[in-house]
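Number of protein chains: 2
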Amino acid sequence: MAATSFEGSSSFCPALGEDMAHLVQQAQETFALLQTPKAISDFALFYKSLGDETRLKIVALLLLRDLCLCELVDGLNVPTSTMNHHLQMLVKGGVIQGRREGKFTIYHLNEAVRPYLPFVEVK
Amino acid sequence: MAATSFEGSSSFCPALGEDMAHLVQQAQETFALLQTPKAISDFALFYKSLGDETRLKIVALLLLRDLCLCELVDGLNVPTSTMNHHLQMLVKGGVIQGRREGKFTIYHLNEAVRPYLPFVEVK
DNA sequence: ACTATAAAACTAGAAAAATAGATGTATAAT
DNA sequence: ATTATACATCTATTTTTCTAGTTTTATAGT
């Protein structure tokens with residue numbers, strides 16, 4: 001019945017069904033990213049949170065020193081609610097943390113992410 | 001006329017207008033990211049292109065070896081046109097490159113981006 | 001060579017889902 | 001009461017995904 005030599009594959013690609021299934025399995029064993037649904041969703045959130053020009057400017061300022069929301073509003077000239085929205089995206093992405101100090105919330109870059117910011121000058 | 005001590009600033013934030021303007025200027029001098037509109041847009045595109053679960057899976061597979069579109073379709077089980085769209089986003093983001101070989105387009109990870117992929121196991 | 005066929009990749013367009021940004025209100029600290 | 005932040009909601013825009021159709025390349029047959 002089967003007209004082709006490869007069961008389950010109707011493709012003439014370089015690597016057929018069997019080969020790709022094997023490669024996908026190898027990737028799952030190699031990268032923590034692929035081992036749980038949460039892992040991959042966390043990584044996607046991390047990159048997504050950095051994929052916006054305003055948020056990159058926020059990160060650049062936080063690389064120099066910790067800043068509160070109102071300072072960032074002042075420096076980058078965006079509305080408070082918009083700034084708050086962007087800061088929460090960066091918190092969800094694991095890029096920054098906020099700590100309450102009196103009536104201010106001071107935002108701080110997670111040091112662990114520094115190596116993954118290509119625009120940081122490495123001396 | 002001015003009721004406050006700081007012209008142009010109505011804020012009692014830790015750092016006021018003058019201070020923030022200075023910090024923003026310092027950031028512009030420090031980070032190439034902030035020096036041209038194209039630079040920041042390129043970085044945003046880079047991160048945006050990685051901020052999607054399907055595209056992270058593509059990158060994981062391309063870390064193992066070069067693959068054509070149809071192999072990725074076979075391995076990740078998404079429609080051809082959807083895969084093509086994601087591959088073009090990754091190309092625009094500077095994460096991968098494609099080269100035509102006969103009727104295939106082989107996609108290849110740009111080696112320069114490896115250090116910025118946190119999910120790569122470093123041995 | 002010429003034609004027909006099929007595979008692989010690309011493109012166009014639209015529906016569905018997610019996000020950016022604005023407005024207004026609520027909470028917390030001084 | 002004032003200031004700083006958080007939140008809830010809404011609209012406009014963007015992104016994701018899919019269907020369908022087109023182009024390019026390779027192969028088979030004549």
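So the sequence lines, in the order shown, correspond to chains A and B.
UniProt numbering puts the first residue of the first sequence at 1, with every later residue one more than the last.
UniProt numbering puts the first residue of the second sequence at 1, with every later residue one more than the last.
Ideal Cβ positions, reconstructed from N, Cα and C, are used throughout, including at glycine.
Nearest candidate by alpha-carbon position, reference Phe46/A, set Asn110/A, Val120/A and His22/A: Asn110/A
Proximity of Leu72/A and Leu61/A at Cβ, strictly below 8 Å: yes
Chain A contacts made by the segment 20–34 of chain B, where a contact means CB separation under 8 Å: Met20, Ala21, Leu23, Val24, Gln26, Ala27, Thr30, Phe31, Ala32, Leu33 and Leu34
Presumed contact (8 Å Cβ cut-off) between Leu64/A and Ala32/B, rounded CB distance: Actually they do not touch by this definition, with Cβ atoms about 15 Å apart.
Contacts that Pro79/A makes with chain B (C-beta to C-beta distance below 7 Å): Going along chain B, no residue has its Cβ under 7 Å from Pro79/A, so there is no contact; the nearest lies around 14 Å.
Cβ-Cβ separation, Leu69/A to Thr105/A (assumed contact under 8 Å), whole Å: 6 Å
CB contact check: Leu90/B to chain A, cutoff 8 Å: no
Any C-beta of chain B under 8 Å from that of Glu71/A: yes
Own chain partners of His108/B with C-beta closer than 8 Å, once the 5 adjacent residues on each side are dropped: Leu62, Asp66, Ile96, Gln97, Gly98 and Arg99
Alpha-carbon to alpha-carbon, Ser41/B and Gly94/B: 12 Å
Where Phe119/B falls: helix, strand or coil (DSSP): coil
Alpha helix (DSSP H) runs contained entirely in the UniProt domain "HTH arsR-type" (34–123) of chain A, provided each spans 4 or more residues: 37–50, 53–64, 69–76 and 80–92
Under 8 Å between C-beta atoms of Glu53/B and Ala21/A: no
Contacts that Lys57/A makes with chain B (C-beta to C-beta distance below 9 Å): Val24, Ala27, Leu33, Leu34 and Ile40
Through-space distance from Tyr116/B to Val24/A, alpha-carbon basis: 22 Å
Any C-beta of chain B under 8 Å from that of Gly98/A: no
Counted within 10 angstroms of its Cβ, other Cβ atoms place His85/A as buried (16 or more) or exposed: exposed
Residue burial classification, Ser49/A (beta-carbon count within 10 angstroms, cutoff 16): buried
Identity of the residue in Leu56/A, Thr36/A and Asp74/A nearest Arg114/A by Cα: Leu56/A
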